[in-house]
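Worksheet for the structure shown next.
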Amino acid sequence: MLYFLAGYFGELEFLKSIYLRTFLAFVVSFCIVLFVGKPFIKYLKVKKFGEEIRDDGPSSHFSKKGTPTMGGVLIIASVLLTSLLINDLANKLILLVLISMLMFAAIGFIDDYRKFTVSKKGLAGKKKLLFQATIGLMIWAYLYYIGFTGRPMIDFSIINPISAHPYYIGAIGMFILIQLILMGTSNAVNITDGLDGLAIMPMIICSTILGVVAYFTGHTELSSHLHLFYTVGSGELSVFLAAVTGAGLGFLWYNCYPAQIFMGDTGSLTLGGILGVIGIILKQELLLPILGFIFVLEALSVILQVGSFKLRGKRIFKMAPIHHHFELMNIPESKVTLRFWITTLIFGIIALGTIKMRGIL
Numbered sequence: 001m002l003y004f005l006a007g008y009f010g011e012l013e014f015l016k017s018i019y020l021r022t023f024l025a026f027v028v029s030f031c032i033v034l035f036v037g038k039p040f041i042k043y044l045k046v047k048k049f050g051e052e053i054r055d056d057g058p059s060s061h062f063s064k065k066g067t068p069t070m071g072g073v074l075i076i077a078s079v080l081l082t083s084l085l086i087n088d089l090a091n092k093l094i095l096l097v098l099i100s101m102l103m104f105a106a107i108g109f110i111d112d113y114r115k116f117t118v119s120k121k122g123l124a125g126k127k128k129l130l131f132q133a134t135i136g137l138m139i140w141a142y143l144y145y146i147g148f149t150g151r152p153m154i155d156f157s158i159i160n161p162i163s164a165h166p167y168y169i170g171a172i173g174m175f176i177l178i179q180l181i182l183m184g185t186s187n188a189v190n191i192t193d194g195l196d197g198l199a200i201m202p203m204i205i206c207s208t209i210l211g212v213v214a215y216f217t218g219h220t221e222l223s224s225h226l227h228l229f230y231t232v233g234s235g236e237l238s239v240f241l242a243a244v245t246g247a248g249l250g251f252l253w254y255n256c257y258p259a260q261i262f263m264g265d266t267g268s269l270t271l272g273g274i275l276g277v278i279g280i281i282l283k284q285e286l287l288l289p290i291l292g293f294i295f296v297l298e299a300l301s302v303i304l305q306v307g308s309f310k311l312r313g314k315r316i317f318k319m320a321p322i323h324h325h326f327e328l329m330n331i332p333e334s335k336v337t338l339r340f341w342i343t344t345l346i347f348g349i350i351a352l353g354t355i356k357m358r359g360i361l
C-alpha cells in the first residue's frame, strides 16, 4: 500500500526507497508480534491449544505440557499484514512468495488443529508431503513458464555456491530438486523446533542473511560484482524477509526460555518453506544447506537414527533429533539452544563468505 501511495503522490516518492521500506517492515512486524503476543497467548490458553509432550522425551520437558502452541499464526499474520502494507504488490516474486507462504501455513494450521480436534498425530505424513509437493509444482510451473533470471539455461541449473559455476540439470532435474528443497527445508525447521527458542533464532539469522543476498541479487552492479545471477525484482524480497526477521524477533520475546508459547507446525513448516522458496528464486539452492546447517543437522540426525534402527536394530544417538541427544547428556536446554544459535551464526557468516569468494576461485 505504501509503495502504491508513493507512486500516486509525488511528495511520497521517498517511500519507494528499499532501505526505508526494509527498516519499516522490520519494525512494523516486530511491533505487531510484540504487542499482540500477550493477548494472543491468553486466547490460546482459553481455547486450550496447549502443547502435547511425547512420553519418551526428556523428563525436563514434562513441565512444558499445556504451553500454548500455534504461535505460528501470529508470525504469519504479522508478516502478511506487513507485506501487504509495505511491499510492492505488483512484484510477481512477492506474490509468488506470499501465495507459497499461505499454502504452507494452511498445511501447518490443519496439522496443528487436527491434533486438538481429531488425533494427536495431526495430519498424516503422506498428506503433508502431497500438499508440499503441490507447492513445489507451483514454483516449478512459474519457473518453467515465466522464469526468474530471464535465462532458461541458468533457471534450470544449480549454482556452485563458491565458484558461481552453473550446472545445467534440465526441467525434470529442477522439478525434482525443487521438491526436495521445499520438503527438506519445511520439515527440517519443523524437526528443529523442539526446544525453547531453538528454531526461531536460526530462522532469524537465515532470513536476515538471505535478505542481504536478495538485495545483492536485485541490484545490477552488485550482482555483477559478486557473480550473482541478476533477477529483476528480487531486491523486493529483502523487504519481505525483513518482515520475517522482525516477526521472528518479536516471537522470540515470548518463545525464549522458559517459553510462553510455541510456534507449532503452522510456524515451523511455513518458515522453513519460505527459506526454500526464496532460496530457489535467488538461485541459492546449494547455499541453503550451508546457511541452514543446523536445520540440516537436525533432519539428518533423524534420518540416520531411523535408518540405523531399521537396518541394524541399534540407535546412533540417545534420542533424535540431535538436540534431545545433547539434553540426555545432561547439557542444560538453554546451553544447547545457545550453542545452536552460535553455530548458525558461524555458518551464516560462512555462507556470506562464499558469495564474496565468487570470482576469486
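Residue numbering for the sequence shown follows the numbering used here, beginning at 1 and increasing consecutively.
Backbone N, C-alpha and C define an ideal beta-carbon position, used for all residues, glycine too.
What does the Cβ neighbour count give for Y43, buried or exposed, with the cut at 16 atoms within 10 Å?
Here residue 43 refers to the residue found at position 43 of the sequence shown. With fewer than 16 other Cβ atoms within 10 Å, it is exposed.
Would M174 be called buried (16 or more neighbouring beta carbons within 10 Å of its own) or exposed?
On the sequence shown, residue 174 is found 174 positions in, with the first residue counted as 1. Burial call: buried.
Nonlocal neighbours in the same chain, by C-beta distance under 7 Å from G316, ignoring five residues either side
Locating residue 316 in the sequence shown gives position 316, where the first residue counts as 1. Here residue 316 turns out to be Ile, not Gly, going by the sequence shown. So the qualifying residues of the chain are L304, Q305, S308.
Give the straight-line distance between the Cα atoms of P166 and T134, rounded to the nearest whole angstrom.
For the purposes of this step, residue 166 is identified with residue 166 of the sequence shown, where counting begins at 1. For the purposes of this step, residue 134 is identified with residue 134 of the sequence shown, where counting begins at 1. Distance between the alpha carbons of P166 and T134: 27 Å.
Ignore the nearest five residues each way along the sequence and tell me which others in Y168's own chain have a CB closer than 8 Å to its CB.
Within the sequence shown, the letter at position 168 stands for residue 168. Taken in chain order, the residues that qualify are M153, F156, S157.
Determine whether the beta carbon atoms of F148 and I281 lie at a separation below 7 Å.
Here residue 148 corresponds to residue number 148 of the sequence shown, with the count starting at 1. Here residue 281 corresponds to residue number 281 of the sequence shown, with the count starting at 1. Against a cut-off of 7 Å, the Cβ pair of I281 and F148 comes out as a contact.
Specify the secondary structure class of Y215 as computed by DSSP and reduced to three states.
Start at 1 with the first residue of the sequence shown, and residue 215 comes out as number 215. Three-state result, Y215: helix.
Go through its chain and collect everything with a Cβ distance to A320's Cβ below 6 Å, but skip five positions before and after it.
The residue you call residue 320 lines up with position 320 of the sequence shown. Once the five neighbours on either side are set aside, the close Cβ partners of A320 are S301, V302, Q305.
Y144 - containing alpha helix (DSSP H), residue span
Residue mapping note: residue 144 aligns to position 144 of the sequence shown, counting from 1. 125 to 145 is the span of the alpha helix (DSSP H), which, as asked, contains Y144.
By alpha-carbon positions, which one of A164, W341, V33 ends up nearest to L286?
Position 286 of the sequence shown, counting from 1, holds the residue named residue 286. For the residues A164, W341, V33, the minimum Cα distance to L286 belongs to A164.
Is it buried or exposed, V118, if we count other Cβ atoms within 10 angstroms and call 16 or more buried?
Reading the sequence shown from its first residue, position 118 is the one you call residue 118. With fewer than 16 other beta carbons inside 10 angstroms of its own, V118 counts as exposed.
Using DSSP's beta-bridge definition, name the partner residues of G248.
Position 248 of the sequence shown holds residue 248. According to DSSP, G248 shares a beta bridge with no other residue.
Specify the secondary structure class of G37 as computed by DSSP and reduced to three states.
Numbered from 1 along the sequence shown, position 37 holds the residue referred to as residue 37. Here G37 sits in helix by DSSP.
Output yes or no for whether 7 Å exceeds the beta carbon distance between I200 and N255.
Counting from 1 along the sequence shown, the entry for residue 200 is found at position 200. Counting from 1 along the sequence shown, the entry for residue 255 is found at position 255. Yes, Cβ-Cβ distance for I200 and N255 is below 7 Å.
Helix, strand or coil at I172 according to DSSP, with G and I counted as helix:
In the sequence shown, counting from the first residue as 1, residue 172 sits at position 172. Three-state DSSP puts I172 in a helix.
Residues sharing a beta bridge with P438, DSSP:
The requested residue 438 is not part of the displayed model; the chain covers only 1 to 361.
May I ask you to report which of helix, strand or coil DSSP gives P152?
For the purposes of this step, residue 152 is identified with residue 152 of the sequence shown, where counting begins at 1. It is helical.
Based on DSSP bridge pairs, tell me the residues matched to Y43.
The residue labelled residue 43 in the question sits at position 43 within the sequence shown. Beta-bridge pairing links Y43 to no other residue.
Cα-Cα separation between T245 and K314, rounded to whole angstroms:
Numbered from 1 along the sequence shown, position 245 holds the residue referred to as residue 245. Numbered from 1 along the sequence shown, position 314 holds the residue referred to as residue 314. Near 40 Å, if we compare the C-alpha coordinates of K314 and T245.
S157 by DSSP, collapsed to three states: which one?
Taking the first residue of the sequence shown as position 1, residue 157 is located at position 157. S157 falls in the strand class under three-state DSSP.
Could you tell me whether the stretch 224 to 240 touches the stretch 183 to 199, using the rule of 3 or more Cβ pairs below 8 Å?
no
Quick one, which of T354, D196, G218, V212 has its alpha-carbon nearest G264's?
Position 264 of the sequence shown holds residue 264. Of the candidates T354, D196, G218, V212, the one whose C-alpha sits nearest the C-alpha of G264 is D196.
Shortest alpha-carbon distance to G184 belongs to which of H219, R151, F216, L271?
Residue numbering aside, residue 184 sits at position 184 when the sequence shown is read from its first letter. When each option's Cα is compared against that of G184, the closest is L271.
Looking at the structure shown, is P258 part of a helix, part of a strand, or coil, going by DSSP?
Locating residue 258 in the sequence shown gives position 258, where the first residue counts as 1. Coil.
Segment contact flag, the stretch 204 to 218 with the stretch 63 to 73, C-beta cutoff 8 Å, min 3 pairs
Contact fails: fewer than three Cβ-Cβ distances are below 8 Å.
Host alpha helix (DSSP H) of M103 (start-end)
Along the sequence shown, read from residue 1 onward, the residue named residue 103 stands at position 103. Counting along the chain, the unbroken alpha helix (DSSP H) around M103 starts and ends at 92 to 117.
For the alpha helix (DSSP H) containing Q284, list its first residue and its last residue.
To locate residue 284, count along the sequence shown from 1; it is residue 284. Where Q284 is concerned, there is no enclosing alpha helix (DSSP H), given that its DSSP letter is neither H nor E.
From this set, T266, H323, K16, I176, which residue's C-alpha is nearest G136's C-alpha?
Sequence index remark: in the sequence shown, residue 136 carries index 136 (1-based). Taking each of T266, H323, K16, I176 in turn and checking the Cα distance to G136, the smallest one comes out for I176.
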